[in-house]
Structures are given as C-alpha cells and as structure tokens.
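2 protein chains.
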Amino acid sequence: MAKKSRAELALRELLRVPGGKPVDLTAYDAGGTPAGPPDKRAGKAATSALGEPLADLQERLFAASTAGDRRRILLVLQGMDTSGKGGTVKHAIGLFNPSGCRIRAFKAPTAEELKHSFLWRIKRALPHPGELGIFDRSHYEDVLIARVRELAPPEEIERRYDEINRFEKSLADDGVTVIKCFLHISYDRQRARLLERLDRPDKHWKFNPSDIDERALWPAYQQAYEIALERCSTPHAPWYVVPADHKWYRNWAVSRLLLEHLRELGPQYPKADFDIAECRARLLAH
Amino acid sequence: MAKKSRAELALRELLRVPGGKPVDLTAYDAGGTPAGPPDKRAGKAATSALGEPLADLQERLFAASTAGDRRRILLVLQGMDTSGKGGTVKHAIGLFNPSGCRIRAFKAPTAEELKHSFLWRIKRALPHPGELGIFDRSHYEDVLIARVRELAPPEEIERRYDEINRFEKSLADDGVTVIKCFLHISYDRQRARLLERLDRPDKHWKFNPSDIDERALWPAYQQAYEIALERCSTPHAPWYVVPADHKWYRNWAVSRLLLEHLRELGPQYPKADFDIAECRARLLAH
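So the protein lines, in turn, are chains W and U.
The numbering of the first sequence is our numbering, which starts it at 1 and goes up by one.
The numbering of the second sequence is our numbering, which starts it at 1 and goes up by one.
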C-alpha cells in the first residue's frame, strides 16, 4: 500500500508547472494522457471509481470543520473556450456530495464588481472551512483577457501578478489548498468543438459568435497564459497543466489531482465531545 | 409512451397534501413506498436511472435561461432530525449537474439574520433563473421550531403562515416552481438512526445531545408540521409528504417529484440567434 501510494502520488508532480521559469505551452501535448488510463473506456471507469474515495474524504473534511478545522480546497479552472471547464464541473465535481461544493462561474465583471478591486468578487466566493470551492474562471481573467484585450493599463496588469501571489499565500495560510488547473486544448481541437456546437441545435446556446473573435487572438492568449503560469505557479498555489483534448483524461486528471491533495490533507472525523453511553441510555428510555 | 407518462405522473398526486384541511400525520405511513419500486435494490436502480433524464431537463432549463426564460425550481426539504434532508441532497441532488444547483442549509439564525424579517435570509438564497435551488430547512423553521420553542409571540407566528403564502405566491408569479417535501419518519426509526450515529465513530460529528431534547418534543413538532402543511399547502406551492423510513424510497420519490415537475415545465433549448453558416465558414477558414 505504501509503495502504491507513492506511485499514485505522481500525477501532481507530473503536471505541476515549475514556477519562475519561462513556460512554453507548445511543449505541452494537449492530446497527451500522462500517467492516465489507456483509453476512453478505462478512463471513464477509473474516474467513476474515484467517486467513493473522493466523497469519503470530502465528508471527513466537512466533519472536521464542525470541530474547528479550517481547511478546505479551492479548485481553480482556467482554459480557452471549449477547454471543458463546465464539463469538468459536471463530471469531476459531480463525484462529490453537492452540499459541500461551493461553485462559482465568473463572467465579465458587473458594474458593481468593477467598482471594487479585481479580487473583491473572488474573496466573496471563497469556500468555507470543510468545503470544496470551485471557480469556473477566476481572478486570472484579470491577467488573461485583461492583458490580451488591454482592459487595464500595462502597469496595473503587472502589479496584479504579485497581488495574486500575495492573495493566494494568504489563502494557504488560512488553510485553503489552492489547486489551479489550466485545461490545455489544441487550436485544432477547439475548432472541432466549436464546429460541433454549431452542428448541434442542443449546443447552440453554448455558442457565441464572439468566441470566433477570441479564437483569432489565440497566440496572445497562449502567451498570457504562459506568463501567468510562470509568475503565479508557487509552492503554496501551484499551477497544473492538464491536457484536455481528451475529455475523459481531463476528467480523470482533475479528479485524481483532487484525490491526491485530499489524501495529503488526511482529514479525520472529530472525536465525540459528549457522553456516548449516557446519550444511548437516554435514547433507549424513550 | 403517452399512457406510461400519465401513469408516471401519479406520484405528485399521490403525495400532495390537500391544503386547507386538517392534517393528521399519524394517518401517513412513514414506512410506506407508494407507487415506488418493490424493494431497496430496485429502488436504487430506479433512482440511478432518473439521473440522465433529470440532468437533461436541468440542462434545458439552464439553456433556456440564457435566452431570458426566468423559470427555475426551488426544492424545500423539511423533516425531523435524521429524516434525511442531507442524504436527499447527496443522493437525489447528486444526480444533477452541480453547477446548476444552488444549495443552502439553514441553521439557527445568526445575529445578522435576526436583525431582519425571517424571510430576509431566504430571499438572498433563492435560485437564479435556470437553476435548481435546494433548501435544507427553510423559512418553515420559523413556524416549526419557533412555534414549539416559543421563539416568537404567538400572534407573530400566526402572521407568518399568511406571509409565507404570499411570499411563495410571489415566487410562483416570478417563474419559481416551489416543491416542498416533508420527509416523514417514524418516532421509532428516528431512535434507530440516532443510535446508529452513536454507535459509529464516523457519525459522531452528526450527533448532538440536544437532538434528544428535541426528540422529547416529538408530539409538539408533529403538530407544528400538521398546521404548516394544512395552512401552507397551496396550489402554487404544494406540500408533499414523502415517507422517509426507507432511505431508498425517499431518494427515489424526491427525484421522481423533481422529474415530474421538470417534465411539466418542458424547458426547450433556445434557437440560435446568429448565422450558423457564416460562423461555420469563419471557423473553417482558420
């Protein structure tokens, strides 16, 4: 068992971005399946099999919070359109008890949100102790689309990387395990997925012609991601590059990363702080 | 198919409380399985089989909301301790895409909440258009524990029934389908479940000695529920009594009620509001 655990712990080592070094996303294979199951069928089965241990660890984490344990998880999902942020929530987060999940999808900031610092809306959506928080997009949009679309002055964008690192450090200090996944798809696979959305009437609602305008800025977005991965993959909040051309691998990998982190936390059920025998006697009397 | 659908639509008729008439909960069999699968094994399979149609309808509801459809569902779960409100969220709501679920568990009101009307915190937790909202306890606590424990003057409690009915009517008028489930367990089954929590160290965190104090007030709580069911089961927001001694039946019945209501809503994917051929051509060009 000990040996197996070490082998299983490999995925986070394999996918983690070493921070502080230039990142070249073209060197990452979006169609790869590192350390993954051999094929789609096996991948789906493997993901499904993670459901029980994940839900068990989640319950322990929540139970521990009722006795004062402040630890919790924050999963940040980023990636180009069609990379599968929503699909990951459906299939990977769908393995958990929904009552312990705090999910937030961040869209273009509202007028209210724009009145505040870019981290304001983020801080309001954080998981509570014992919870699994999931961000579908996040504060990283403020150094991604904001950089590509020049939504803020360059010096302001520059400042944000350090601000993000300080913010995420404060989260770690407060018991938040931050897991940031960049869902990495290829330019060709994005075209195929956008075409599929056009071909299927039940997917039209997911399509917006502006998606094509964003796609035209692909190189600029890849560069913006490379900078964010280089500057904000830190020991307390690492980035993982998750190959996402294969949906089944993406779902498995994110589930697996969550499992590895939850196992490392090793949350425990709290001990009873009441007299069990006395309570049993009272119950049996009525 | 048409015939089958009519037969399947029976559960909501079967479990609905006719409002405006005195309710006698002792006449409801908490161990019953009306219109349900024959046994636990079949029940679990039947619930699991509801997952696909439920998730499909949920996606349609959400998709419709992106085109302005304001409809949504609010599931209210009430019941005595151990009746399985949390288990229902885990097993029935777990069938849905978690990104479209807005779940809120209501505890004793905070100091902040007590400064406002009892509906204040409720209104802040409502599902947005396209979502499935779930309340684990609700505004009904303010006519249940509040009545039993005399947390407010009697005339104030009296006023609340009408206030709740007006509030729920306003929800219905705004496109909210309100589904209220009373998870009905027997006094003996509650004892068994509380004893199980005492016997299992992994369940101690769910137990509180005060649960036994509440149990001693069983008749008063049953009466408070009877009054709430009589006065607040309305055409626009009916109450359902869900027999809950069998967990598998409870999970199936709540899932089934959700399915019936979602089918009645019949949400549709919105039509594309863009030029599909032009978008396809643009995509194929790059």
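Ideal Cβ positions, reconstructed from N, Cα and C, are used throughout, including at glycine.
Restricted to the region 102-138 of chain U, the alpha helix (DSSP H) segments that are unbroken, complete and at least 4 residues in length are 111-114, 120-123, listed in chain order. The CB of residue 269(W) comes closer than 9 Å to the CB of 201, 202, 203, 204, 205 in chain U, given here in chain order.
The alpha carbon of residue 242(W) has as its nearest neighbour, out of 199(W), 165(W), 257(W), the alpha carbon of 257(W).
The beta carbons of residue 81(W) and residue 245(W) sit about 14 Å from each other, so the pair does not count as a contact at 8 Å.
Judged by DSSP in its simplified three-state form, residue 43(U) adopts helix. Using beta-carbon distances, residue 99(W) counts as an interface residue toward chain U, with a partner under 7 Å. Each of 226(U), 158(U), 128(U), 119(U) was checked against the Cα of residue 26(U), and the nearest Cα belongs to 226(U). Of all C-beta pairs linking the region 100-107 of chain U to the region 156-163 of chain U, fewer than three are shorter than 8 Å, placing the two stretches out of contact.
Across the region 92-124 of chain U, CB contacts with chain W closer than 8 Å involve 93, 94, 96, 97, 98, 99, 101, 103, 105, in sequence order along the chain. For residue 89(W), the C-beta contacts it makes with chain U under 9 Å involve 97, 98, 99, in order along the chain. 7 Å or more divides the Cβ of residue 129(U) from the Cβ of residue 200(U).
Membership of residue 167(U) in the alpha helix (DSSP H) is indicated by the continuous run 154-173. Assigned with DSSP and collapsed to three states, residue 204(W) falls in helix. For the alpha helix (DSSP H) assignment, the uninterrupted runs of no fewer than 4 residues enclosed by the region 169-251 of chain U are, from N- to C-terminal side, 187-199, 210-215, 218-232. Note that the C-beta distance between residue 178(U) and residue 15(U) is not below 7 Å.
If you check each beta-carbon in the region 184-197 of chain U against every beta-carbon of chain W, the ones closer than 7 Å belong to 191, 194, 195. For residue 86(W), the residues of chain U that pass the 9 Å Cβ criterion are 97, 99, in the order they occur in the chain. With contacts defined by Cβ atoms closer than 7 Å, residue 240(W) and residue 218(W) do not form a contacting pair.
Contact between the region 201-209 of chain U and the region 260-270 of chain U is absent: fewer than 3 CB-CB pairs across the two stretches fall below 8 Å. Straight through space, the alpha carbons of residue 89(W) and residue 148(U) are spaced by roughly 41 Å. The C-beta of residue 279(W) comes closer than 7 Å to at least one C-beta of chain U. Under DSSP, residue 72(W) takes part in a beta bridge, and its partners are 176(W). Beta-carbon to beta-carbon, residue 138(W) and residue 106(W) are separated by about 6 Å, close enough to satisfy the 8 Å threshold. Under the three-state reduction of DSSP, residue 79(U) is assigned to strand. Taken through DSSP and simplified to helix, strand or coil, residue 149(U) comes out as coil.
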